[in-house]
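For reference, the structure discussed in these notes is given below.
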Amino acid sequence: MRGASHESLARAEEALAGVSPAESLGGELFSIAKLLDGNGALRRALTDPARPKDTKVGLAQQLFGGKISPQALEILSVAVSGRWVSGRDLADALDQLSVEAEVAYADSRGKLDEVEDELFRLDRVVAVERALADKLGDRVIPVEHRQQLIRGLLEGKADVSTVRLAERAVDGRGRSFAASMRSYQVAAAARRNASIATVRVATDLSEAERTRLADALSRQYGRQVQLNVIVDPQVVGGVRVDIGDEVIDGTIAARLDEAQRRIAG
8 MRGASHESLA RAEEALAGVS PAESLGGELF SIAKLLDGNG ALRRALTDPA
58 RPKDTKVGLA QQLFGGKISP QALEILSVAV SGRWVSGRDL ADALDQLSVE
108 AEVAYADSRG KLDEVEDELF RLDRVVAVER ALADKLGDRV IPVEHRQQLI
158 RGLLEGKADV STVRLAERAV DGRGRSFAAS MRSYQVAAAA RRNASIATVR
208 VATDLSEAER TRLADALSRQ YGRQVQLNVI VDPQVVGGVR VDIGDEVIDG
258 TIAARLDEAQ RRIAG
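FYI, our numbering numbers position 83 of the sequence shown as 90, with every residue one higher than the one before it.
So, in structure tokens, the structure goes:
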């Protein structure tokens with residue numbers, strides 16, 4: 008998200024931070040995002056730069072007042088009062104806000120660490136179980152049936168916020184399940200003012216090694232770093248770290264690839 012849309016999202020996030028976390032808030036904001044996905048006329052009406060912002064806020068309140076919580080209506084009103092590069096940006100922003108609202112609700116219950124860990128573990132299970140991944144991503148199967156599948160896997164075994172986010176990832180709004188899950192993990196880490204480092208190693212790290220690596224990355228990036236460790240035999244020794252858009256590849260495989268490129272060159 009760029010330019011005016013980025014600034015409008017930031018203002019809506021400030022509004023979200025100013026309301027008390029609530030169980031229903033994330034779902035309400037996501038439902039509005041889905042409604043906008045399927046209604047181009049409404050997207051245009053709520054984001055038209057030629058219309059006064061009071062008119063757009065009034066329309067939102069007329070349509071949603073009494074149907075969603077006062078907190079959700081407040082955040083929506085702040086969102087539609089902003090400027091958006093496109094109507095799709097407003098829907099994407101409400102989706103992002105819905106995730107942040109769910110994460111805030113988990114944090115308010117002291118469950119943030121648990122939810123973050125469960126999201127990572129579920130992401131890895133789906134990545135390994137190809138049959139499950141194929142079912143969750145099969146757009147021929149109605150989304151409600153795919154959500155029922157993930158709910159059946161998680162209910163009674165995972166926190167309610169994890170279940171709701173996983174169901175949302177199945178819907179995806181055009182994104183893959185894996186991409187959605189990764190973005191949710193980033194949102195959970197951001198709630199703690201932390202970054203996520205995905206660490207790939209040939210053999211698992213000891214607790215002492217994890218601590219040393221996390222401390223080193225935290226010093227390098229100037230903020231807390233949460234490690235998500237993936238054991239990958241293809242790494243062939245060493246460590247590969249993905250953090251944000253940066254990659255630190257100290258694996259033997261990477262060094263062999265580099266040597267081959269030099270020989271070929």
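The beta carbon of each residue, even a glycine, is placed where N, CA and C say it ideally should be.
In the DSSP assignment, residue 249 falls within the unbroken beta strand (DSSP E) covering 246-250.
Here the alpha carbons of residue 157 and residue 163 stand approximately 12 Å from one another.
The C-beta distance from residue 100 to residue 31 rounds to 19 Å, too long to fall under 8 Å, and the pair is not in contact. One alpha carbon belongs to residue 169, the other to residue 88, and they sit about 31 Å apart. Its chain contains 33, 36, 37 as the residues whose beta carbon lies nearer than 6 Å to that of residue 105, once the 5 sequence neighbours on both sides are disregarded; these appear in chain order. Note on geometry: alpha-carbon atoms of residue 93 and residue 140 lie some 32 Å from one another. If you check the CB distance, residue 196 and residue 202 come in under 8 Å. Beta-bridge partners assigned by DSSP to residue 202: 232. By the Cβ neighbour-count rule, residue 120 is exposed, with fewer than 16 other Cβ atoms within 10 Å of its own. Around the Cβ of residue 186, a 10 Å sphere holds fewer than 16 other Cβ atoms; the residue is exposed. In the DSSP assignment, residue 166 is bridged to no other residue. A check of alpha carbon separations from residue 123 across 180, 42, 236, 194 identifies 194 as the nearest. Taking residue 81 as the centre and dropping the five residues before and after it, the same chain places the C-beta of 22, 26 closer than 7 Å to its C-beta, in chain order. Between residue 51 and residue 43 a beta carbon distance of about 10 Å is seen, past the 8 Å cut, so the two are scored as non-contacting. In the DSSP annotation of this structure, the continuous segment of the alpha helix (DSSP H) that includes residue 130 starts and ends at 119-135.
Runs of alpha helix (DSSP H) with 4 or more residues, each lying fully within the region 58-90, are found at 60-71, 77-87, listed in chain order. Taking a C-beta distance under 8 Å as the contact criterion, residue 209 and residue 239 qualify as a contact pair. Straight-line measurement puts the Cα of residue 118 at about 34 Å from the Cα of residue 241. For residue 92, the three-state secondary structure derived from DSSP is coil.
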